[in-house]
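Inspection log for the structure reproduced underneath, given as structure tokens.
Protein chains: 2
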Amino acid sequence: MLIKVVCYMRDAEQTRQKILAIAADEIHKHGFNATSLSVILSKCEISKGALYHHFANKLELGYAVFEEIYTPMFLATWQPAVEVEDPIEGLCQFFTAMSENMTCEDIICGCPLNNLCQEMASVDEGFRLRILTMQQQLNQMISTNLQKVSQQLRNDIDFSQVSYFIVATFHGSSSLSKSSLNKELFQKVINELCQYIRALKK
Amino acid sequence: MLIKVVCYMRDAEQTRQKILAIAADEIHKHGFNATSLSVILSKCEISKGALYHHFANKLELGYAVFEEIYTPMFLATWQPAVEVEDPIEGLCQFFTAMSENMTCEDIICGCPLNNLCQEMASVDEGFRLRILTMQQQLNQMISTNLQKVSQQLRNDIDFSQVSYFIVATFHGSSSLSKSSLNKELFQKVINELCQYIRALKK
DNA sequence: TTTCCAACAAACCACTTGGTCTGTTAATAT
DNA sequence: ATATTAACAGACCAAGTGGTTTGTTGGAAA
């Protein structure tokens, strides 16, 4: 029985996941519109029939990539940064580590959420709402964790505003540094961002 | 002689400017790749022959829009903000005025420089270099004007870093707020940015 | 063993895109 | 008046796009 399952020559869920993974990569690299279905097909080594068996159209594929790949990836990335005893240091270390570990290719590709927001938010309502939800989730995650240590922080802090500010700056830096082909600009902005974050403390 | 000039039924420079203006608007609204030449043609009420008489191809049209429309517009927008006695207040008032005067449509369209950077910097070298130059110009403009009043500012300031930080945050906020259809997010981030800028003073 | 359908394969289609090519006309220099 | 060329007009084209349709096959249930 087990062998039977393993030896399936057709595993619908597996091909679906393969499509999602490769589509996520392509969309990250080239954006949604510039991503060609035929490229996805050839990289997946499947036919058009297979793709359209699993997804109604390109847009639905895009939504699935957002919900099943980007969203969990995003939350898994940010959560450990703020759900610690000291979220201030958590965020700073998170940003510093990122700016150190990032390759130039990462810089060029940018943040998937920021990319899609920039490209699709004003074009497609489905994407817009999904992005908005994601941003609100992220904002709440950061702001509530900052609020937990509010006694260590300055009194004039608007937590929601500060959280949006942090994310905006992060996205801005990842956009800014796309034009230079190195990490210098990115690191500069991240440096300043860490200074700003640490200055939130009393 | 004057009448002759005015009464030209064909004014090459005028049609060229018309193309540039409409192309700039289309690129701003839809991005470079999503901008269709046929749409430009119909909005300009010209033929394909006319367009290709003035520009070698779509890319060259894009470069011309960047150099002849976006760049001067951009410099003319930022210059008055920093070339004043008090650039700190100049920047804050600039940002505040912008967030107040902006319509929702402006929010959705975003900043042309940020848009193109995000879309084209990693795709086309010609765009990348032009964007990089523009960013360096802007950075120098801001940092030198901040440096002029350095005696009023804190001692630990890295002027180039701070300037990039400011621009990155501005661009990040314009990207972030595309997903919400109102100015709230934009204003929040701009508020926090003004606080940050004012805190640069001693 | 047969039946049935999910899971594909692949030809086909309408449509749009950037770009070319050939022809025409307005204006100017001679 | 004529020749010349800049400034167009518009038909045409190959390539690529997302999407549809028809056909095939593997595998599990009856």
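Read top to bottom, the protein sequences are chains A and B.
One point on numbering: in my numbering, the residue at position 101 of the first sequence is 110, and numbering is uninterrupted.
One point on numbering: in my numbering, the residue at position 73 of the second sequence is 82, and numbering is uninterrupted.
Glycine included, C-beta positions come from ideal geometry on N, C-alpha and C.
All values reported here derive from a predicted model rather than from experimental measurement.
> Under the three-state reduction of DSSP, which class applies to lysine 7 of chain A: helix, strand or coil?
Replying inline: Beyond the ends of chain A as shown, which are 10 and 211, falls residue 7 of chain A; an answer cannot be given.
>> For a contact defined as C-beta to C-beta under 9 Å, what are the partners of leucine 202 of chain A on chain B?
In response: In the first sequence, the residue the question calls residue 202 of chain A occupies position 193. In chain order: Phe174, Ala177 and Thr178.
> How long is the line joining the alpha carbons of glycine 58 of chain A and glutamine 26 of chain A, rounded to whole angstroms?
Replying inline: Indexing the first sequence from 1 puts residue 58 of chain A at position 49. Indexing the first sequence from 1 puts residue 26 of chain A at position 17. Spanning the two alpha carbons is a distance of roughly 16 Å.
>> Along the chain, where does the alpha helix (DSSP H) containing arginine 25 of chain B start, and where does it finish?
In response: Within the second sequence, numbered from 1, the residue matching residue 25 of chain B stands at position 16. Here the alpha helix (DSSP H) through arginine 25 of chain B covers 21 to 39.
> Can you list the residues of chain A that serine 189 of chain B reaches, using a CB-CB cut of under 7 Å?
Replying inline: For the purposes of this step, residue 189 of chain B is identified with residue 180 of the second sequence, where counting begins at 1. Those are Leu141, listed as they occur along chain A.
> Between the C-alpha atoms of isoleucine 49 of chain B and arginine 139 of chain B, what's the straight-line distance to the nearest angstrom?
Replying inline: For the purposes of this step, residue 49 of chain B is identified with residue 40 of the second sequence, where counting begins at 1. For the purposes of this step, residue 139 of chain B is identified with residue 130 of the second sequence, where counting begins at 1. Those two C-alpha atoms are separated by around 23 Å.
>> Considering only DSSP beta bridges, list what leucine 162 of chain B is partnered with.
In response: The count along the second sequence starts at 1 and reaches residue 162 of chain B at position 153. DSSP, once it has assigned bridges, lists B/Lys210 as partnering leucine 162 of chain B.
>> Quick check on histidine 62 of chain A: buried or exposed, where buried means 16 or more other Cβ atoms within 10 Å of its Cβ?
In response: On the first sequence, residue 62 of chain A is found 53 positions in, with the first residue counted as 1. Its Cβ having fewer than 16 others within 10 Å, histidine 62 of chain A is exposed.
> With respect to the alpha helix (DSSP H) encompassing methionine 107 of chain A, which residues constitute its N-terminal and C-terminal limits?
Replying inline: Residue numbering aside, residue 107 of chain A sits at position 98 when the first sequence is read from its first letter. Residues 96 to 110.
>> Looking at chain B, is there any beta carbon in it that lies within less than 7 Å of the beta carbon of cysteine 33 of chain A?
In response: Sequence index remark: in the first sequence, residue 33 of chain A carries index 24 (1-based). Here residue 33 of chain A is alanine; the residue named in the question, cysteine, does not match the sequence. Not an interface residue.
> Exposed or buried, what is glutamate 114 of chain A when buried is set at 16 or more other beta-carbons lying within 10 Å of its beta-carbon?
Replying inline: Position 105 of the first sequence, counted from the first residue, corresponds to residue 114 of chain A. Exposed, by the Cβ-count rule.
> Is the Cβ of lysine 157 of chain A closer than 7 Å to any Cβ of chain B?
Replying inline: For the purposes of this step, residue 157 of chain A is identified with residue 148 of the first sequence, where counting begins at 1. So, not an interface residue.
> Cβ atoms of threonine 80 of chain B and methionine 143 of chain B: under 7 Å apart, would you say?
Replying inline: Residue 143 of chain B sits at position 134 when you count from the first residue of the second sequence. Residue 80 of chain B sits at position 71 when you count from the first residue of the second sequence. Yes.
> For isoleucine 151 of chain B, which residues of its own chain have a beta-carbon under 7 Å away from its beta-carbon, when the five flanking residues on both sides are left out?
Replying inline: Residue mapping note: residue 151 of chain B aligns to position 142 of the second sequence, counting from 1. These residues qualify, in order along the chain: Val91, Ser172 and Ile175.
> Among B/Cys118, B/Glu22, B/Gln204 and B/Gln156, which one has its Cα closest to the Cα of glutamine 170 of chain A?
Replying inline: On the first sequence, residue 170 of chain A is found 161 positions in, with the first residue counted as 1. Minimum Cα distance to glutamine 170 of chain A is reached at B/Gln204.
> Checking contacts by CB at 7 Å: is isoleucine 78 of chain B closer than that to chain A?
Replying inline: Mapped onto the second sequence, residue 78 of chain B falls at position 69. Not one chain A Cβ lies under 7 Å of isoleucine 78 of chain B.
>> If the criterion is Cβ atoms closer than 7 Å, does the pair valine 74 of chain B and leucine 29 of chain B meet it?
In response: Counted from its first residue, the second sequence places residue 74 of chain B at position 65. Counted from its first residue, the second sequence places residue 29 of chain B at position 20. Yes, these two residues count as a Cβ contact at 7 Å.
> Any Cβ of chain A within less than 7 Å of the Cβ of serine 182 of chain B?
Replying inline: Within the second sequence, numbered from 1, the residue matching residue 182 of chain B stands at position 173. Cβ-Cβ to chain A under 7 Å: yes for serine 182 of chain B.
> chain A partners of valine 91 of chain B, CB-CB under 8 Å?
Replying inline: Your numbering for residue 91 of chain B matches position 82 in the second sequence. Those within 8 Å of valine 91 of chain B in chain A number zero; the least Cβ separation is about 18 Å.
>> So with CB distances below 7 Å, who are the chain A contacts of arginine 137 of chain B?
In response: One-based indexing of the second sequence puts residue 137 of chain B at position 128. Residues of chain A passing the Cβ test: Ser188.
>> For a quick check, are the C-beta atoms of leucine 70 of chain A and alanine 32 of chain A less than 7 Å apart?
In response: The residue given as residue 70 of chain A occupies position 61 in the first sequence. The residue given as residue 32 of chain A occupies position 23 in the first sequence. Yes, the pair counts as a contact, with Cβ atoms nearer than the cut-off.
> Do you know whose CA, among B/His180, B/Cys120, B/Leu185 and B/Ile166, lies nearest arginine 137 of chain A's CA?
Replying inline: Your numbering for residue 137 of chain A matches position 128 in the first sequence. The residue with the shortest Cα to Cα distance from arginine 137 of chain A is B/Leu185.
> With 16 other CB atoms within 10 Å as the buried threshold, where does glutamine 160 of chain A fall?
Replying inline: Stepping through the first sequence from its first residue, residue 160 of chain A is reached at position 151. Under this definition glutamine 160 of chain A is an exposed residue.
> Quick one, which residues of the region 109 to 125 of chain A are near chain B if we go by CB-CB under 8 Å, in chain order?
Replying inline: Ile117, Cys118, Gly119, Asn123 and Asn124
> Would serine 188 of chain A be called buried (16 or more neighbouring beta carbons within 10 Å of its own) or exposed?
Replying inline: Start at 1 with the first residue of the first sequence, and residue 188 of chain A comes out as number 179. Buried, because 16 or more other Cβ atoms sit within 10 Å of the Cβ of serine 188 of chain A.
> Any C-beta of chain A sitting closer than 7 Å to the C-beta of valine 198 of chain B?
Replying inline: Within the second sequence, residue 198 of chain B is the residue found at index 189, counting from 1. Answer yes: the Cβ-Cβ gap between valine 198 of chain B and chain A drops below 7 Å somewhere.
>> Does chain B have any CB closer than 7 Å to the CB of serine 131 of chain A?
In response: In the first sequence, residue 131 of chain A corresponds to position 122, counting from 1. Judged by the 7 Å Cβ criterion, serine 131 of chain A is in contact with chain B.
> Which value, in whole angstroms, describes the spacing of the CA atoms of leucine 202 of chain A and methionine 82 of chain B?
Replying inline: Numbered from its first residue, the first sequence carries residue 202 of chain A at position 193. Numbered from its first residue, the second sequence carries residue 82 of chain B at position 73. The alpha-carbon atoms of leucine 202 of chain A and methionine 82 of chain B are separated by roughly 28 Å.
> Would a C-beta distance cut-off of 7 Å place proline 89 of chain A and asparagine 154 of chain A closer than the cut-off?
Replying inline: Taking the first sequence and counting its residues from 1, the one referred to as residue 89 of chain A is at position 80. Taking the first sequence and counting its residues from 1, the one referred to as residue 154 of chain A is at position 145. The answer is no: Cβ separation not under 7 Å.
> Between the C-alpha atoms of tyrosine 284 of chain A and phenylalanine 64 of chain A, what's the straight-line distance to the nearest angstrom?
Replying inline: Nothing can be reported for residue 284 of chain A, as the shown portion of chain A is limited to 10 through 211.
> Just checking my contact of arginine 163 of chain B with lysine 211 of chain B at CB under 8 Å: how many whole Å lie between their CB atoms?
Replying inline: As a first step, residue 163 of chain B must be located in the second sequence, where it is residue number 154. As a first step, residue 211 of chain B must be located in the second sequence, where it is residue number 202. Right, their Cβ atoms sit about 6 Å apart.
> Between which two residues does the alpha helix (DSSP H) carrying alanine 59 of chain B extend?
Replying inline: Indexing the second sequence from 1 puts residue 59 of chain B at position 50. Segment 57 to 63, the alpha helix (DSSP H) holding alanine 59 of chain B.
> In three-state DSSP terms, what is serine 184 of chain B?
Replying inline: For the purposes of this step, residue 184 of chain B is taken as the residue at position 175 of the second sequence. Helix.
> At a Cβ cut of 9 Å, what residues of the region 61 to 75 of chain A count as close to chain B, listed as they run along the chain?
Replying inline: none
> Where does aspartate 133 of chain B fall in DSSP's three states?
Replying inline: Counting from 1 along the second sequence, the entry for residue 133 of chain B is found at position 124. Of the three classes helix, strand and coil, the one that applies to aspartate 133 of chain B here is coil, per DSSP.
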